[in-house]
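**Q** Structure provided below as structure tokens; questions to follow.
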Amino acid sequence: MGEKKQKEAAKSVFVFGKKNYKFMFIGLAIIALGFILMSGGGSDDPNVFNPEIFNFRRIRLAPMLILVGLGIQVYAILLNPDKK
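Numbered continuously in the UniProt record's numbering, the sequence shown closes out at residue 84.
And the structure:
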């Protein structure tokens, strides 16, 4: 009888629930999308300036997506999975 109680007490419990992991993956996807949107725009020739690096997508949209993704990650960590 004592062994059964020890096995129940030793049962592993996850810190995060299914809802937490879902929000974490959504946040990770948004962060990855932000980095993908930020990439590119360089010039093949180092002596030629390409003004494409200063467009709206790389300067405003991509960093904002990364910050939103980080905010979702913080929310996913602080979310209580047991609360209904």
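We put the beta carbon where it would ideally sit given N, CA and C, even for glycine.
1) Out of curiosity, what's the CA-to-CA distance linking G17 and L28?
2) Which residues in the same chain as S43 place their Cβ atom closer than 8 Å to its Cβ, once the five residues preceding and following it in sequence are excluded?
3) Report yes if the CB atom of G34 is closer than 9 Å to the CB atom of G69, and no otherwise.
4) My parser needs the beta strand (DSSP E) runs of 3 or more residues fully inside the stretch 9-69; what are they?
5) Taking Cβ positions, are M24 and I66 nearer each other than 9 Å?
6) Output needed for Q73: all residues of its chain with C-beta closer than 7 Å, excluding positions within five of it in sequence on either side, in chain order.
7) With DSSP run on the structure shown, which of helix, strand or coil describes L79?
8) Quick check: what's the CA-CA separation for P63 versus I77?
9) CA-CA distance, I53 and K22?
**A** Reading it off the structure:
1) Numbered from 1 along the sequence shown, position 17 holds the residue referred to as residue 17. Numbered from 1 along the sequence shown, position 28 holds the residue referred to as residue 28. Answer to the nearest angstrom: the Cα atoms are 17 Å apart.
2) In the sequence shown, the residue the question calls residue 43 occupies position 43. Counting only Cβ-Cβ distances below 8 Å, and skipping sequence neighbours, we find F49 and N50.
3) Here residue 34 corresponds to residue number 34 of the sequence shown, with the count starting at 1. Here residue 69 corresponds to residue number 69 of the sequence shown, with the count starting at 1. Contact flag set, yes.
4) none
5) On the sequence shown, residue 24 is found 24 positions in, with the first residue counted as 1. On the sequence shown, residue 66 is found 66 positions in, with the first residue counted as 1. No. Outside cutoff.
6) Taking the sequence shown and counting its residues from 1, the one referred to as residue 73 is at position 73. Closer than 7 Å at Cβ, skipping near neighbours: M24 and G27.
7) Here residue 79 corresponds to residue number 79 of the sequence shown, with the count starting at 1. Coil, per DSSP.
8) The count along the sequence shown starts at 1 and reaches residue 63 at position 63. The count along the sequence shown starts at 1 and reaches residue 77 at position 77. When rounded, the distance between both Cα atoms is 21 Å.
9) The residue given as residue 53 occupies position 53 in the sequence shown. The residue given as residue 22 occupies position 22 in the sequence shown. Roughly 33 Å separates the two Cα atoms.
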